[in-house]
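Heads up: the structure comes next, in structure tokens.
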Amino acid sequence: MSYSILAELLEARSQVVPCVLVTVASAQGSVPRQAGTKMIVYASGKISGTIGGGKAEALIVQDALRCLETGKIELKRYPLREGEPDSFGAICGGEITLLIEPQGSGESIYLFGAGHCAAAIARLARSCEMSVFVIEDREDTLNAFEPANQKHLCKNPADFISQQSWNAADAILLVNRNYSLDRDALKAVLRMSGYGYVGMIGSKRKVLKVYDDLRAQGVSPESLSQVHAPLGIDIGADSPEEIAISVMAEVLAVLRKRSGKSMRLRTR
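Start counting at 1 in the sequence shown, then tack on 1005, and there's your number in this note's numbering.
Take a look at the structure:
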């Protein structure tokens, strides 16, 4: 195994950069690369290393990106013999089997706001191998925020929200310091679709006020019903760290389609 590929993979894992490790698990006959050869495929489609190039490699990259989206490991056979189905037009005459391994959870947290609770949530999310994106309107606060994969200085969160392509592994958390920022961001989120979770921090009074305002602006009760607000599950959380545990428990349960109920066994 190339040490440069190993070092790059470890760096990507430490920074929670979404990627896929593709390994030639076995090789038979005439093939461009032998067993043990590795390649990294990033979410952007960029690759590091090579399995052999050509049309076959381009299709392997597509398979890797599909696995990154699903989070599932695959062991897949690729014939490289002319005339055989799924041979990509290759004429090498051999066959390779690839182990395709997504790295990390593939899930992402988008934090709108960079206060103490957001920082605690970010730390916990990173420990769960989730990517963290922070959107904040105060430059000094944003620059000081850790940890994050990406930081975005944005005076109007609605602009950022409307420009994204959301998917079912994305969790949107509105944890801004004031009411109007969260209200306007939530309105923008509810115009979009595809995300796996949306939640808003705040007291019940704040949440009801936001809902009243949005209903008055034409947002439907059906749209509001998908919002988790106040976000988190009831564990009596008080400190930012406890709030982060409460929030992350709910986020993971929703993204992974679990009930969030206790797993305690009943003896009677």
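The C-beta atom is built at its ideal place from N, Cα and C for all residues, glycine as well. If you're wondering where the values come from, they're calculated on a predicted model, not measured in any experiment.
(request) Output yes or no for whether 8 Å exceeds the beta carbon distance between glutamine 1201 and aspartate 1187. (result) Rather than glutamine, the amino acid found at residue 1201 in this sequence is glycine. Their beta carbons are not under 8 Å apart, which means glycine 1201 does not touch aspartate 1187 by this criterion.
(request) Please confirm whether valine 1027 and methionine 1044 have their CB atoms less than 8 Å apart. (result) yes
(message) According to DSSP, is leucine 1080 part of a helix, a strand, or is it coil?
(response) Residue state, collapsed to three classes: strand.
(message) Less than 6 Å between C-beta atoms, sequence neighbours within five positions excluded: which residues of the same chain meet that for leucine 1158?
(response) Glu1144, Leu1147
(message) Let me check you understand the geometry: is the CB of glutamate 1141 closer than 7 Å to at least one non-hydrogen atom of the ligand PLP?
(response) The model on display carries no ligand, and the ligand PLP is accordingly not part of it.
(message) With H, G and I counted as helix, E and B as strand and the rest as coil, what does DSSP make of tyrosine 1202?
(response) Of the three classes helix, strand and coil, the one that applies to tyrosine 1202 here is strand, per DSSP.
(message) I need the straight-line Cα distance from aspartate 1142 to valine 1180, nearest angstrom please.
(response) 12 Å
(message) Buried or exposed for glutamine 1155, going by 16 or more other Cβ atoms inside 10 Å?
(response) Classification for glutamine 1155: exposed.
(message) I'd like to confirm the pairing. Which residues does DSSP put opposite cysteine 1024 in its beta bridges?
(response) DSSP lists Tyr1047, Gln1108 as partners of cysteine 1024.
(message) If you reduce the DSSP assignment to three classes, tell me which class valine 1212 lands in.
(response) helix
(request) At 3 residues or longer, and completely inside the segment 1107-1146: list those beta strand (DSSP E) runs for me, N to C. (result) Listed in chain order, the complete beta strand (DSSP E) runs (minimum 3 residues) inside the segment 1107-1146 are 1113-1117, 1136-1141.
(message) Can you tell me whether methionine 1268 is buried or exposed? The criterion is at least 16 other CB atoms within 10 Å of its CB, across all chains shown.
(response) exposed
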